[in-house]
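First up is the structure itself, then whatever we jot down about it.
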Amino acid sequence: MDVRDTVLLVDDDPAFLKIANDALREYYAVSFASSGVEALELASAGYVPDIILLDVAMPGMDGYETLSKLRETPDMQDVPVIFLTSIGTKESELQGIESGATDYILKPFTRELLLARVRRHLENGRRLRQLSIMEKNKQAAGIDEEKFGQASAGLSETEQKMFRLIILGYSNREIAEELHYSYNYVRRIVSIIYEKKFVGTRDELKKLMR
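Shown next, in the form of structure tokens:
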């Protein structure tokens with residue numbers, strides 16, 4: 024079965040969501056949020072897309088604030104975000120890039136341009152994750168195996184593999200790529216590790232190695 028990259032569209036305009044979905048659905052699994060608050064609720068519930076297309080001018084919480092809060096959510100720090108907006112001022116575009124977006128596309132857009140930009144940033148995201156994984160793997164030899172054995176006592180073999188990668192600084196997404204598991208499966212196993220070790224965060228797990 025072909026596993027598609029996932030795209031989250033965040034916009035308060037239903038007509039635009041339909042236009043963007045029509046452009047993307049042939050190649051990607053598309054999800055929707057009609058506000059920044061809804062996007063944050065999805066992220067807090069564990070939904071981590073491969074890329075986000077985010078409007079700037081939305082009522083209540085604009086795109087800049089939404090992006091800032093998304094970056095505070097576990098596993099959302101490195102998800103590429105493209106601002107897709109009708110605001111074409113240089114100041115807005117600069118603010119978008121400085122706030123951490125990977126691109127800034129003006130509405131109305133051409134289908135070909137949107138697909139090309141999305142494809143490029145997905146490829147760049149994968150490349151950066153692979154470089155990050157390679158760098159973290161270099162640290163593997165520095166793990167104290169005696170301490171690791173004590174800290175990982177009571178964990179299954181799969182849980183121990185994930186525990187080791189967490190110690191090395193892997194995100195859930197990176198663990199999924201390294202071990203060839205689905206993101207949701209990794210998230211579930213990491214939650215079990217937390218329960219078995221009576222901790223609630225990665226930092227607390229790492230302290231078990233001290």
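One rule links them: number in this note's numbering = place in the sequence shown (from 1) + 23. Cβ coordinates follow ideal geometry from the N, Cα and C atoms, glycine included.
Hey, P72 and T29: beta-carbon distance below 7 Å or not? Position 49 of the sequence shown, counted from the start, is the residue given in the question as residue 72. Position 6 of the sequence shown, counted from the start, is the residue given in the question as residue 29. Cβ distance < 7 Å, so P72 and T29 count as in contact.
Considering Cα atoms alone, identify which of M157, M99, R48 is closest to L63. Your numbering for residue 63 matches position 40 in the sequence shown. For the residues M157, M99, R48, the minimum Cα distance to L63 belongs to M99.
On the three-state DSSP scale, how would you describe Y208? Residue numbering aside, residue 208 sits at position 185 when the sequence shown is read from its first letter. Correct three-state label for Y208: helix.
I need the DSSP call for F221, collapsed to helix, strand or coil. Along the sequence shown, read from residue 1 onward, the residue named residue 221 stands at position 198. Correct three-state label for F221: coil.
Backbone secondary structure at S194 - three-state DSSP: Working through the sequence shown from its first residue, we reach residue 194 at position 171. Of the three classes helix, strand and coil, the one that applies to S194 here is coil, per DSSP.
Compute the Euclidean distance between the alpha carbons of D85 and E135, then round it to the nearest angstrom. Position 62 of the sequence shown, counted from the first residue, corresponds to residue 85. Position 112 of the sequence shown, counted from the first residue, corresponds to residue 135. C-alpha separation (whole angstroms): 27 Å.
Let's see if you can read the secondary structure: which residues bound the beta strand (DSSP E) around I105? Translated into the one-based positions of the sequence shown, residue 105 becomes position 82. Run containing I105: 104 to 108, per the beta strand (DSSP E) assignment.
What would DSSP say about A52, mapped onto helix, strand or coil? To locate residue 52, count along the sequence shown from 1; it is residue 29. Of the three classes helix, strand and coil, the one that applies to A52 here is strand, per DSSP.
Alpha-carbon spacing of Y87 relative to D78, whole angstroms: Here residue 87 refers to the residue found at position 64 of the sequence shown. Here residue 78 refers to the residue found at position 55 of the sequence shown. Taking the straight line from one Cα to the other gives about 9 Å.
M24 classed as buried or exposed, judged by whether at least 16 other C-beta atoms fall within 10 angstroms: If you number the sequence shown from 1, residue 24 lands on position 1. The predicted model places M24 with a pLDDT of 45, which falls under 50 and marks its position as unreliable; any figure quoted below should be read in that light. Result: exposed.
What are the start and end residues of the beta strand (DSSP E) that includes D126? Counted from its first residue, the sequence shown places residue 126 at position 103. Here the beta strand (DSSP E) through D126 covers 126 to 129.
For the beta strand (DSSP E) containing T29, list its first residue and its last residue. Here residue 29 refers to the residue found at position 6 of the sequence shown. T29: member of the beta strand (DSSP E) spanning 29 to 33, first to last residue.
Check whether the Cβ of E95 lies closer than 6 Å to any heavy atom of the ligand GDP, and answer yes or no. Looking for the ligand GDP in the displayed structure turns up nothing, as the structure carries no ligands at all.
Cβ-based neighbour list, I216, same chain, cut-off 8 Å, excluding 5 preceding and 5 following: In the sequence shown, the residue the question calls residue 216 occupies position 193. Same-chain partners within the cutoff: L178, E182, M185, F186, I189, L228.
Which residue's Cα is closest to the Cα of L31: K170, P82, Q118, L145? The count along the sequence shown starts at 1 and reaches residue 31 at position 8. For the options K170, P82, Q118, L145, the alpha carbon positioned closest to that of L31 is the one of L145.
If the criterion is Cβ atoms closer than 7 Å, does the pair G59 and P103 meet it? On the sequence shown, position 36 is the one that residue 59 refers to. On the sequence shown, position 80 is the one that residue 103 refers to. No, Cβ-Cβ distance for G59 and P103 is not below 7 Å.
Beta-carbon within less than 8 Å of Q162's beta-carbon, same chain only, minus the 5 sequence neighbours each way: which residues are those? Mapped onto the sequence shown, residue 162 falls at position 139. Same-chain partners within the cutoff: L191, G192.
Backbone secondary structure at L65 - three-state DSSP: Taking the sequence shown and counting its residues from 1, one reaches residue 65 at position 42. Of the three classes helix, strand and coil, the one that applies to L65 here is helix, per DSSP.
Of all the options V209, Y127, K220, which has the alpha carbon lying nearest to the alpha carbon of G111? Walking along the sequence shown from the start, residue 111 turns up at place 88. G111 has its Cα closest to that of Y127, out of V209, Y127, K220.
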